[in-house]
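**Q** Below: one structure in structure tokens.
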Amino acid sequence: MAEPKTSELMEKIVSLCKRRGFIFQSSEIYGGLNGFWDYGPLGAELKRNIKDSWWRSMIQLRDDVVGLEASIIMHPKIWEASGHTSTFSDLMVDCLLTKKRFRADQIEPQSGTAYFYTGATCSSGGKESKDPFSVLIPSPKHVEYARKVARQFYQQRGLENPALIGESSRELQSTTAYNPENGGLLTEPRPFNLMLKTYVGPVESEDNKSYLRPETAQAIFAQFKNVLETSRQKVPFGIGQIGKAFRNEINPRNFTFRSREFEQMELEFFIRPDEAIEAIYGAVAQPPAPGHPGEPQPNWGWQLWHQYWVEERIRFYENIGLPRQSLVEYWQKPEELAHYARATVDILYKFPFSKQDDKGELMGEELEGIAARSDFDLSQHQRFSGKPMMVFDEELKAAWLKLEPAKTADLFERYFEARRQYLLKAGVGAGKAEKQAREDAEALLKGSYVPHVIEPSAGVDRLALALICNAYCEDQAPDEKGKLESRLVMKFHPRIAPVKVAVFPLLKNKPELVKKAKEVRDLLRPHMRVFYDEAGAIGRRYRRQDEAGTPFGVTIDFDTLGEQGPEQKDTVTLRDRDSMKQERVKIGELGPMLIEKIR
Ligand code: ATP
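Here the sequence shown is numbered in the numbering used here, starting from 413 and rising by one per residue.
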């Protein structure tokens, strides 16, 4: 697996983002803040369009999903129930010399000669350090290099001009105990919690400690009952949310791809447990074939719902301009799955900085994960809050009356065992787990259960970056005199483009042209983001909009004013960004025509 250096393409994209006002470094005037980014005028529009598309397709165009907008800081117990307090951590190592922090699993194994020191003394006498230290050097380097690094280490411990003690050496193969950048020894791996802490109220005490949410999903679980009771939904149904999330990532990198503050778009889609489906419909529908399974059916179990959401999400990405071949559908292997997950599919985008496989193909990086999470989340909140998260299902209650006793016993047993396993894995003692699981299975026979969930969870910023990478294109366009010159164009899909149309009067010093152009601008403005520009040669104005990714350009010229005859009066030139073709369109038809293209 080759890891390409941050590619030349990526550097061009980063520079365009700054130059054109898509993305800036946060707090740039103070030297920036690692892992934080600001979106400029074009970036802000792009993000808004992404979020609007998601909200529209996942919530507004469906009967079975509703929205939520929860607070960022929530009761700390939520993070205990979700497991984030205890397990949301990466193993970290620090360089003993530079204090630079790395994720332990991201240290490349190295081989070479390690030089060990038992300590050092101050050459001028007095001070001494007995801290052991070692340095790994690849074969061609001289031992003097190791000594230099070791001396720096002891200097940092307050020894001026240190004399090294007890030097010995050993050959090491594939070790991850040393900093690949300077050969200095790393600390032992230590877990590092990724949640950002804060204090609620004036006193910075343990009792007031709280967290900025590391994901938006937990609020959905915590508000599940309120939403259910107020929205007139019943299982199966979903709750969607878009909002900020924060993770104290150890190593923010690849531009905005791994940031410390980012936005998520998450759906929790609640479904019946398979045992309930089997009781009501006799059997759970089996996936007929790979691909989209079509309109949801009442006899779908978790597998078909999961497949459905994977396909829906891929359609979403295609719909806003990411071609199918730029995406990878990665099914997590059983050993990669969280203990409660039945299946997880990651949708990856082939970013320029993605790793390459043996054939040099980009392998892709995660845009979204779609997980079948069983009834883990609601069950956890039920246990931690003591509030019931069960729903009552009239159809299920009625179904038991018609079932053979043997079938009922079989479903009871399977449900009991699934609940028992969940409780045991959650750390509940064997006896208690058995008793609780039996009560849960008895509740199922009365029509009550904790819903299972399918979770499509996507990142707004990663998607914005994918769309920017996908749009970036260098091609050729004629200049004012018709000579071909290279052109930089952002080929955003019109649905997602920050600005939909630019309106230009051919000349700025002709009041009739300016007046007409402003009329056209005002006609379109209520329906879409319009950019009005009258400065500079028309070719240069087109070029500026190409870099901003504006799909359409409208020019008001003398024909528009009727100077070339009545048939051209009130028509404009409509230029297509990608083909650069121009056509004459009646002003009256412009609005409906563009609205159709951007919807
Ligand atoms: P990764 O393995 O890349 O850290 P994850 O599997 O931890 O991601 P999830 O917890 O599943 O990510 O979060 C859902 C989505 O939120 C991700 O698919 C991604 O789009 C987004 N996301 C997660 N962490 C970050 C981050 N640090 N910066 C930007 N987006 C993020």
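Glycine residues also receive a C-beta, built at the ideal position from the N, C-alpha and C atoms.
1. Considering only C-alpha positions, which residue in the set Glu-825, Ala-810, Leu-823 and Tyr-834 is nearest to Lys-858?
2. Could you tell me the distance, in whole angstroms, from the CA atom of Met-716 to the CA atom of Pro-917?
3. Can you look up Gln-792 in the DSSP assignment and give me helix, strand or coil?
4. In terms of residue numbering, what span does the beta strand (DSSP E) encompassing Val-997 cover?
5. State the Cα-Cα distance for the pair Val-426 and Tyr-884, rounded to the nearest angstrom.
6. Please list the segments of the beta strand (DSSP E) lying wholly inside the region 580–665, counting only runs of 3 or more residues, in order along the chain.
7. On a Cα-Cα basis, can you pick out the residue from Lys-762, Val-865 and Glu-423 that is closest to Phe-667?
8. Given the structure, does Asp-873 come close to the ligand ATP, in the sense that its CB is under 6 Å from one of the ligand's heavy atoms?
9. If we ignore side chains and look at the alpha-carbon of each, how far apart do Arg-474 and Ser-586 end up?
10. Provide the residue span of the beta strand (DSSP E) that contains Met-470, from first to last.
11. Is Leu-896 buried or exposed, if buried means 16 or more other CB atoms sit within 10 Å of its CB?
12. Please determine whether the Cβ atom of Glu-886 lies at a distance below 6 Å from any heavy atom of the ligand ATP.
13. So, helix, strand or coil for Leu-509, using DSSP?
14. Excluding the 5 residues preceding and the 5 following Leu-900 in the sequence, name in chain order all residues of the same chain whose CB lies nearer than 6 Å to its CB.
15. Regarding Glu-724 and the ligand ATP, is the C-beta to nearest heavy atom distance less than 6 Å?
16. Kindly examine the ligand ATP and report whether one of its heavy atoms sits closer than 6 Å to the Cβ of Glu-687.
17. Does the beta-carbon of Gly-598 have 16 or more other beta-carbons within 10 angstroms, so that it is buried, or is it exposed?
18. Would you mind reading off the limits of the beta strand (DSSP E) that contains Gly-1097?
19. With distances taken from CA atoms, which of Arg-952, Gly-694 and Phe-796 is nearest Lys-893?
20. Among the residues of its own chain, which have a CB less than 6 Å from the CB of Ile-1007, if the five just before and after it don't count?
21. For the region 603–615 against the region 656–667, are there 3 or more C-beta pairs whose distance is under 8 Å?
22. Whole angstroms is fine: what's the gap from Lys-430's alpha carbon to Phe-436's?
23. Please report the residue range of the beta strand (DSSP E) in which Leu-896 lies.
24. Taking the straight line between their C-alpha atoms, what separation do you get for Asp-822 and Ala-853?
25. Please report the residue range of the alpha helix (DSSP H) in which Tyr-557 lies.
26. Quick check: what's the CA-CA separation for Gly-948 versus Glu-724?
27. Just the Cα atoms here: how many angstroms apart are Arg-850 and Asn-446?
28. Give, in chain order, every unbroken run of the alpha helix (DSSP H) that is at least 4 residues long and sits entirely within the region 696–746.
29. Skipping 5 residues on each side, what residues in its chain have a beta carbon closer than 7 Å to that of Met-802?
30. State yes or no: is the C-beta of Ala-783 within less than 7 Å of the C-beta of Lys-459?
31. Apply the 10 Å Cβ neighbour rule to Ser-869 and answer buried if 16 or more other Cβ atoms are within range, or exposed otherwise.
32. Mark His-864 as exposed unless 16 or more other C-beta atoms lie within 10 angstroms of its C-beta, in which case mark it buried.
33. What are the boundary residues of the alpha helix (DSSP H) that includes Gly-951?
34. Between Lys-1009 and Pro-963, what straight-line distance do the alpha-carbon atoms span, to the nearest angstrom?
35. Rounded to whole angstroms, what is the Cα-Cα separation between Gln-564 and Glu-579?
36. Starting from Ala-1022 and walking both ways along the beta strand (DSSP E), at which residues does that stretch end?
**A** Short version:
1. Here residue 858 refers to the residue found at position 446 of the sequence shown. Closest by alpha carbon: Ala-810.
2. On the sequence shown, residue 716 is found 304 positions in, with the first residue counted as 1. On the sequence shown, residue 917 is found 505 positions in, with the first residue counted as 1. According to the sequence provided, residue 716 is Leu. The question's Met does not apply to it. Roughly 54 Å separates the two Cα atoms.
3. For this step, residue 792 is matched to residue 380 along the sequence shown. Helix at Gln-792.
4. One-based indexing of the sequence shown puts residue 997 at position 585. First-last of the beta strand (DSSP E) with Val-997: 994–998.
5. Residue numbering aside, residue 426 sits at position 14 when the sequence shown is read from its first letter. Residue numbering aside, residue 884 sits at position 472 when the sequence shown is read from its first letter. Spanning the two alpha carbons is a distance of roughly 11 Å.
6. 580–587, 602–605, 608–611, 621–624 and 649–658
7. Translated into the one-based positions of the sequence shown, residue 667 becomes position 255. Nearest of Lys-762, Val-865 and Glu-423 to Phe-667, Cα basis: Glu-423.
8. Residue 873 sits at position 461 when you count from the first residue of the sequence shown. For the ligand ATP, at least one heavy atom lies less than 6 Å from the Cβ of Asp-873.
9. Translated into positions along the sequence shown, residue 474 becomes position 62. Translated into positions along the sequence shown, residue 586 becomes position 174. Cα to Cα, Arg-474 sits roughly 53 Å from Ser-586.
10. Stepping through the sequence shown from its first residue, residue 470 is reached at position 58. Per DSSP, Met-470 belongs to no beta strand (DSSP E) and is neither H nor E.
11. In the sequence shown, counting from the first residue as 1, residue 896 sits at position 484. Result: exposed.
12. On the sequence shown, residue 886 is found 474 positions in, with the first residue counted as 1. Not so, every heavy atom of the ligand ATP lies at least 6 Å from the Cβ.
13. Position 97 of the sequence shown, counting from 1, holds the residue named residue 509. Here Leu-509 sits in coil by DSSP.
14. Within the sequence shown, numbered from 1, the residue matching residue 900 stands at position 488. So the list reads Glu-886 and Glu-959, once near-sequence residues are dropped.
15. Locating residue 724 in the sequence shown gives position 312, counting from the first residue. The beta carbon of Glu-724 sits no closer than 6 Å to any heavy atom of the ligand ATP.
16. Against the sequence shown, residue 687 aligns to sequence position 275. Flag unset: Cβ of Glu-687 not near the ligand ATP.
17. Walking along the sequence shown from the start, residue 598 turns up at place 186. Note on identity: in this sequence residue 598 is Leu, with Gly being the wrong assignment. That one is buried.
18. Outside the displayed range of the chain (413 to 1011) lies residue 1097, so it cannot be described from this structure.
19. Taking the sequence shown and counting its residues from 1, one reaches residue 893 at position 481. It is Arg-952 whose Cα lies nearest to the Cα of Lys-893.
20. Sequence index remark: in the sequence shown, residue 1007 carries index 595 (1-based). The answer, listed in chain order, is His-939.
21. yes
22. Taking the first residue of the sequence shown as 1, we reach residue 430 at position 18. Taking the first residue of the sequence shown as 1, we reach residue 436 at position 24. About 6 Å.
23. Sequence index remark: in the sequence shown, residue 896 carries index 484 (1-based). Note, Leu-896: beta strand (DSSP E), 896–902.
24. Stepping through the sequence shown from its first residue, residue 822 is reached at position 410. Stepping through the sequence shown from its first residue, residue 853 is reached at position 441. Near 11 Å, if we compare the C-alpha coordinates of Ala-853 and Asp-822.
25. Counted from its first residue, the sequence shown places residue 557 at position 145. First-last of the alpha helix (DSSP H) with Tyr-557: 555–568.
26. Within the sequence shown, residue 948 is the residue found at index 536, counting from 1. Within the sequence shown, residue 724 is the residue found at index 312, counting from 1. Those two C-alpha atoms are separated by around 45 Å.
27. Within the sequence shown, numbered from 1, the residue matching residue 850 stands at position 438. Within the sequence shown, numbered from 1, the residue matching residue 446 stands at position 34. Straight-line Cα distance between these residues: approximately 51 Å.
28. 714–731
29. One-based indexing of the sequence shown puts residue 802 at position 390. So the qualifying residues of the chain are Ala-855, Ser-860, Tyr-861 and Val-862.
30. Counted from its first residue, the sequence shown places residue 783 at position 371. Counted from its first residue, the sequence shown places residue 459 at position 47. For the 7 Å CB-CB criterion, Ala-783 and Lys-459 do not form a contact.
31. Here residue 869 refers to the residue found at position 457 of the sequence shown. Flag for Ser-869 reads buried.
32. Translated into positions along the sequence shown, residue 864 becomes position 452. By the 10 Å Cβ count, His-864 comes out buried.
33. Walking along the sequence shown from the start, residue 951 turns up at place 539. Per DSSP, Gly-951 belongs to the alpha helix (DSSP H) from 950–960.
34. As a first step, residue 1009 is located in the sequence shown; it is residue number 597 there, counting from the start. As a first step, residue 963 is located in the sequence shown; it is residue number 551 there, counting from the start. Spanning the two alpha carbons is a distance of roughly 10 Å.
35. By one-based count along the sequence shown, residue 564 stands at place 152. By one-based count along the sequence shown, residue 579 stands at place 167. The alpha-carbon atoms of Gln-564 and Glu-579 are separated by roughly 15 Å.
36. Residue 1022 is absent from the structure shown; the chain starts at 413 and stops at 1011.
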